[in-house]
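Residue numbers (the working numbering), protein chains in the order written: chain A, 3 to 177; chain B, 3 to 177; chain C, 3 to 177. Cβ atoms here follow ideal geometry from the backbone N, Cα and C, with glycine treated the same way. Here the structure comes first, spelled out in structure tokens, and everything after it is commentary.
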Amino acid sequence: MVKIGVLTVSDRAFRGEYEDLGGPKIKEWLTRVLVTSFEPVSRLVPDEQGLIEKALVELCDQEGCALVLTTGGTGPALRDVTPEATLAIAHKVMDGFGERMRQISLRYVPTAILSRQVAVVRGRSLVINLPGAPKSIDETLTELFEAVPYCIELIEGPSLETDPSVVVAFRPKKK
Amino acid sequence: MVKIGVLTVSDRAFRGEYEDLGGPKIKEWLTRVLVTSFEPVSRLVPDEQGLIEKALVELCDQEGCALVLTTGGTGPALRDVTPEATLAIAHKVMDGFGERMRQISLRYVPTAILSRQVAVVRGRSLVINLPGAPKSIDETLTELFEAVPYCIELIEGPSLETDPSVVVAFRPKKK
Amino acid sequence: MVKIGVLTVSDRAFRGEYEDLGGPKIKEWLTRVLVTSFEPVSRLVPDEQGLIEKALVELCDQEGCALVLTTGGTGPALRDVTPEATLAIAHKVMDGFGERMRQISLRYVPTAILSRQVAVVRGRSLVINLPGAPKSIDETLTELFEAVPYCIELIEGPSLETDPSVVVAFRPKKK
Chain A
3 MVKIGVLTVS
13 DRAFRGEYED
23 LGGPKIKEWL
33 TRVLVTSFEP
43 VSRLVPDEQG
53 LIEKALVELC
63 DQEGCALVLT
73 TGGTGPALRD
83 VTPEATLAIA
93 HKVMDGFGER
103 MRQISLRYVP
113 TAILSRQVAV
123 VRGRSLVINL
133 PGAPKSIDET
143 LTELFEAVPY
153 CIELIEGPSL
163 ETDPSVVVAF
173 RPKKK
Chain B
3 MVKIGVLTVS
13 DRAFRGEYED
23 LGGPKIKEWL
33 TRVLVTSFEP
43 VSRLVPDEQG
53 LIEKALVELC
63 DQEGCALVLT
73 TGGTGPALRD
83 VTPEATLAIA
93 HKVMDGFGER
103 MRQISLRYVP
113 TAILSRQVAV
123 VRGRSLVINL
133 PGAPKSIDET
143 LTELFEAVPY
153 CIELIEGPSL
163 ETDPSVVVAF
173 RPKKK
Chain C
3 MVKIGVLTVS
13 DRAFRGEYED
23 LGGPKIKEWL
33 TRVLVTSFEP
43 VSRLVPDEQG
53 LIEKALVELC
63 DQEGCALVLT
73 TGGTGPALRD
83 VTPEATLAIA
93 HKVMDGFGER
103 MRQISLRYVP
113 TAILSRQVAV
123 VRGRSLVINL
133 PGAPKSIDET
143 LTELFEAVPY
153 CIELIEGPSL
163 ETDPSVVVAF
173 RPKKK
């Protein structure tokens, strides 16, 4: 059973002042699109760099999640530190993911350039920061995911199969 | 009164061998486009990383500029160190601005990929490296600025209103 | 005579289990496109960060290559460390090259976002990571090269002339 971490980063959701919409949106998307059976491992932390790092390390190293998707904390505000936490626990930085997410979101809003999402590899786990807004999660995840199963295979993770009516996972022919 | 820093980085302009065209271009653009009253705070420094850092810190921390726009020193040449100085005083790095400026300039010249402009947040100040050439300043600032007022609000700076016939500042609906 | 370094990074090619196709592809491309006489300086190293760094430093500092093109080792896998080695020996990082290569490759494959290629300046040498696959080398190098001769001139390297039926090297008018 493939484990996938879903980490919501939000002071307000953590204090219960605000319903977490991002985490459930990610799980709904995965349930709808993944054909491979998976177990979501959910976490909710406030916008504290140390706590985000700790949650990411646990999801990667203890839980053994092949994929960890975060939502929240990627803007320019003082409390937005999800990218810093993600980079701090990275073994490899994958610049193409953040670039691509901003390109996708730029089709909808010029403020897409304010998004600081990053993606990194840690051991055999791929960690991707997604936007906070459920609508943006849907827009970016659907396009981005075409490259995700192949990336996870390259880092020696499990094979993920998707519903091809939503996402056609691309795998280049072997050299 | 909103303060906006305008920092020209150029050995030749500093020595008086060359007229600073970038700084005046930025002020002309701001005067034409901003409806909000503002006070420009101009500085001119040579291409020395320490002096650029000092000027940026003063404009952000002492002058309290909500926005600091630099021009010059972002190419690949030995003396071009404006991005390094800007990153050195950053609290948060905003990768989307540099990516977007290169995308915009690529429509005009393939050498846009040589531009190393970055943008960062320091406290309540947004610092953006602009190109050196007045024509490129105009091209990039007009598109980039759609996202600038919202960014400044997210870092708890003042509200900036623009002439909507030139720039429609975009503000997403509040969550 | 302008020297151009061609560095193949591949465990399998180094052990002789696999024919190096990337290095010869780069030399074929340069021979076909460059009008300026040049001497290729080839190296083949395994995917070891220390050995890649050593080869890059030698090609830049001892051999005096104006341009160094690498192939291989830029994916997300554990052994892929060419970008890390390249950043480690950098004097200046040129983010626009990696962004542009991914943009070009995205037209062909969505997995282009997994490419971690970077380009850097070291002294008077421009170092560019190219993809591993010969087809991708061709696609990216032909577009990217429009900006390369001007970049090398800005870092005080030699003048490179190209066959304009393949690559029109762009040089902005002097300020």
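Would DSSP call Arg34/A helix, strand or coil? In the structure shown, Arg34/A sits in a helix (DSSP, three-state: H, G or I).
With 8 Å set as the bound, which would you pick, yes or no: does the beta-carbon of Arg17/B sit closer than that to a beta-carbon of chain A? It does not; no Cβ of chain A falls within 8 Å.
Tell me, please, whether the CB atom of Ser12/A is closer than 8 Å to any CB atom in chain B? Not a single C-beta of chain B is nearer than 8 Å to the C-beta of Ser12/A.
Could you have a look at Lys121/C and say whether DSSP puts it in helix, strand or coil? The sequence as given places Ala at residue 121/C; Lys does not occur at that position. Under the three-state reduction of DSSP, Ala121/C is assigned to strand.
Whose CA, out of Gly125/A, Ile157/A, Leu116/A, lies closest to the CA of Ala149/B? Of the candidates Gly125/A, Ile157/A, Leu116/A, the one whose C-alpha sits nearest the C-alpha of Ala149/B is Leu116/A.
Inspect the beta-carbon positions of Phe99/B and Leu146/B and report whether they are closer than 8 Å. In this structure, Leu146/B lies closer than 8 Å to Phe99/B by Cβ.
Does the Cβ of Gln105/C lie closer than 7 Å to at least one heavy atom of the ligand ZN? Absence of the ligand ZN is noted for the structure shown, with no ligands found whatsoever.
At 4 residues or longer, what runs of the alpha helix (DSSP H) sit wholly inside the stretch 33 to 114 of chain A? Whole alpha helix (DSSP H) segments, 4+ residues: 51 to 59, 84 to 90, 97 to 108.
For Lys175/C, which three-state DSSP category applies? Lys175/C falls in the coil class under three-state DSSP.
Spatial neighbours of Ala34/B within its chain, please: CB distance less than 8 Å, with the 5 preceding and 5 following residues excluded, ordered by chain position. Residue 34/B is actually Arg in this sequence, not Ala. For Arg34/B, where only same-chain residues beyond five positions count, the Cβ hits under 8 Å are Asp165, Val168.
Please work out which residues of its chain come closer than 8 Å, Cβ to Cβ, to Arg104/B, disregarding the five sequence neighbours upstream and downstream, and give them in chain order. Counting only Cβ-Cβ distances below 8 Å, and skipping sequence neighbours, we find Ala114, Ile115, Ser117, Gln119.
Please report whether the beta-carbon of Asp82/B lies at a distance below 8 Å from any beta-carbon of chain A. Output row for Asp82/B: interface = no.
C-beta neighbour in chain A for Val95/C, strict 8 Å: Val95/C has a beta carbon lying at 8 Å or more from every beta carbon in chain A.
Which of helix, strand or coil does DSSP assign to Val129/C? Note: Val129/C maps to strand in three-state DSSP.
Would you kindly work out how many angstroms separate the C-alpha atoms of Val11/C and Tyr152/B, rounded to a whole number? Their backbone Cα atoms lie some 45 Å apart in a straight line.
Same chain, Cβ closer than 7 Å to Pro136/B, five either side skipped, listed in chain order: Excluding positions up to five away in sequence, the list reads Leu23, Gly24, Lys27.
Could you give the residue range of the alpha helix (DSSP H) that holds Thr10/B? Where Thr10/B is concerned, there is no enclosing alpha helix (DSSP H), although the beta strand (DSSP E) around it starts and stops at 4 to 11.
Which residues does DSSP list as the beta-bridge partners of Thr191/B? No information on residue 191/B is available, as it lies outside the stretch 3 to 177 that chain B covers here.
Check Gly18/A in the structure and name its three-state DSSP category. Coil.
Am I right that Thr88/B and Leu132/B are in contact with their C-beta atoms under 8 Å? What's the rounded C-beta distance? About 11 Å; that fails the 8 Å criterion.
Starting from Glu55/A, find everything on chain B with Cβ-Cβ shorter than 7 Å and list it in chain order. Here the premise fails: no neighbours, minimum Cβ distance about 17 Å.
Alpha-carbon spacing of Ala92/B relative to Arg17/C, whole angstroms: Taking the straight line from one Cα to the other gives about 44 Å.
Cα-Cα separation between Leu156/C and Phe172/B, rounded to whole angstroms: Near 37 Å, if we compare the C-alpha coordinates of Phe172/B and Leu156/C.
Please return the same chain residues whose Cβ sits closer than 6 Å to the Cβ of Gly71/A, not counting the five positions on each side in sequence. The sequence given here places Leu at residue 71/A; Gly does not occur at that position. The beta carbon of Leu71/A is closer than 6 Å to those of Val8, Ile28, Ile130, Leu132 in its chain, skipping five residues each way along the sequence.
Residues of chain A with CB under 9 Å from Pro78/B, in chain order? Counting only Cβ-Cβ distances below 9 Å, Pro78/B has no contacts in chain A at all, with the closest Cβ about 19 Å away.
Opening and closing residue of the alpha helix (DSSP H) in which Val170/B lies: That residue, Val170/B, is in no alpha helix (DSSP H); it is neither H nor E in DSSP.
Residue environment, Met3/A, which counts as buried when at least 16 other CB atoms sit within 10 Å: When all chains shown are included, Met3/A counts as exposed.
Here's a check: name, in chain order, each residue in its chain whose Cβ is nearer than 8 Å to the Cβ of Asp82/B, leaving out the five neighbours to either side. Sequence-distant Cβ neighbours of Asp82/B in its own chain, meaning closer than 8 Å and more than five residues away, are Asp49, Gly75, Thr76, Arg118.
Counting only C-beta atoms, is Ser117/C closer than 8 Å to chain A at any point? True, the Cβ-Cβ gap to chain A drops below 8 Å.
For a contact meaning CB atoms closer than 7 Å, what does Thr113/B contact in chain C? For Thr113/B, the chain C residues whose C-beta falls within less than 7 Å of its own C-beta are Ala149, Tyr152, Phe172, Pro174, listed in chain order.
Where Ile139/A falls: helix, strand or coil (DSSP): Reduced to three states, the DSSP call for Ile139/A is helix.
What in chain B is Cβ-close to Asp104/A, meaning under 9 Å? In the sequence under discussion, the amino acid at residue 104/A is Arg, which differs from the Asp named in the question. The answer, in chain order, is Asp97, Gly98, Glu101, Arg102.
Along the chain, where does the alpha helix (DSSP H) that runs through Ile157/B open and close? No alpha helix (DSSP H) holds Ile157/B; DSSP gives it neither H nor E.
Straight-line CA distance for Ser127/A to Asp140/B? Roughly 43 Å separates the two Cα atoms.
Chain-ordered chain A contacts of Ile157/B [CB-CB under 8 Å]: Here the neighbours are Pro78, Ala79, Leu80.
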